[in-house]
Amino acid sequence: MKLIVCLDDSNGMMFNNRRQSRDRVLVENVLELCKGEKLYITKFSAKLFPEYSVEIVDNPAEVGDGYCFAEDFTVNEEVVDEIIVYKWNRIYPADTYFNIQLENWSLMETVDFEGSSHEKITREIYRR
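First residue of the sequence shown: 0, per numbering that gives the first Met the number 0; consecutive thereafter.
Written as structure tokens, this is what we have:
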């Protein structure tokens, strides 16, 4: 499985049961990256992808193949082959943090782009 997450500079994912931020250009970037493969999300993330073809499931991490967009749950590292991290490049309040140590993974690619609400968003791709 290919895991996609959005993190702040402290590896925060959520605060008070809400996403830290959102960005239309980031969503477009995710969809372009997943082109041709399934993108699995939860109902919580459906607001981000309203007019796009995505698969809404209870637990995307259990599906196996394809891409899993995780923002309201953590994932068992053993089922992940690749991690795509979108960094907000700032610190937001957080009470839910990413549970995988990226130091144990190999950084394969880094790309910066301008978002619709963020001056700079960084996409990093990690593999085992």
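Heads up, the beta-carbon is just placed ideally off N, CA and C, and yes, glycines get one too. It should be emphasised that the depicted structure is a prediction, and the values quoted were computed from it without experimental measurement.
task = Please name the residue in N28, K34, Y39, S44 whose C-alpha comes closest to that of R17.
result = Translated into positions along the sequence shown, residue 17 becomes position 18. Put simply, of N28, K34, Y39, S44 the residue whose alpha carbon is nearest the alpha carbon of R17 is S44.
query = Which stretch, first to last residue, makes up the beta strand (DSSP E) that contains L6?
reply = Along the sequence shown, one-based indexing puts residue 6 at 7. Taken as a continuous stretch (DSSP letters only), the beta strand (DSSP E) holding L6 covers 1–6.
inquiry  = Can you find the residues in the same chain that come closer than 7 Å, C-beta to C-beta, to V129, ignoring five residues on each side of it along the sequence?
reply    = This structure does not reach residue 129, given that the chain is present from 0 up to 127, and the question cannot be answered.
key: Residue nearest to E123 in terms of C-alpha spacing, selected from D22, L101, C33   = Stepping through the sequence shown from its first residue, residue 123 is reached at position 124. It is L101.
request  = Run the CB neighbour count on T95, radius 10 Å, all protein chains shown included, and call it buried at 16 or more, exposed below.
outcome  = For the purposes of this step, residue 95 is identified with residue 96 of the sequence shown, where counting begins at 1. By the neighbour-count rule (16 or more Cβ atoms within 10 Å), T95 is buried.
From K119, E70, R89, L106, residue whose alpha carbon lies closest to that of N98 = Indexing the sequence shown from 1 puts residue 98 at position 99. Answer by Cα proximity: E70.
ask   = CB-CB under 7 Å to L32, same chain, minus the five flanking residues each way: which ones, in chain order?
value = Position 33 of the sequence shown holds residue 32. Excluding sequence neighbours, L32 sits near I83.
key: Nearest candidate by alpha-carbon position, reference K42, set D57, S52, K34, N28   = Along the sequence shown, read from residue 1 onward, the residue named residue 42 stands at position 43. For K42, the nearest C-alpha among the options comes from D57.
request  = Since I believe C67 is in contact with L6 (beta carbons under 8 Å), could you give me their beta-carbon distance rounded to a whole number of angstroms?
outcome  = Within the sequence shown, numbered from 1, the residue matching residue 6 stands at position 7. Within the sequence shown, numbered from 1, the residue matching residue 67 stands at position 68. Not confirmed; about 15 Å, so no contact.
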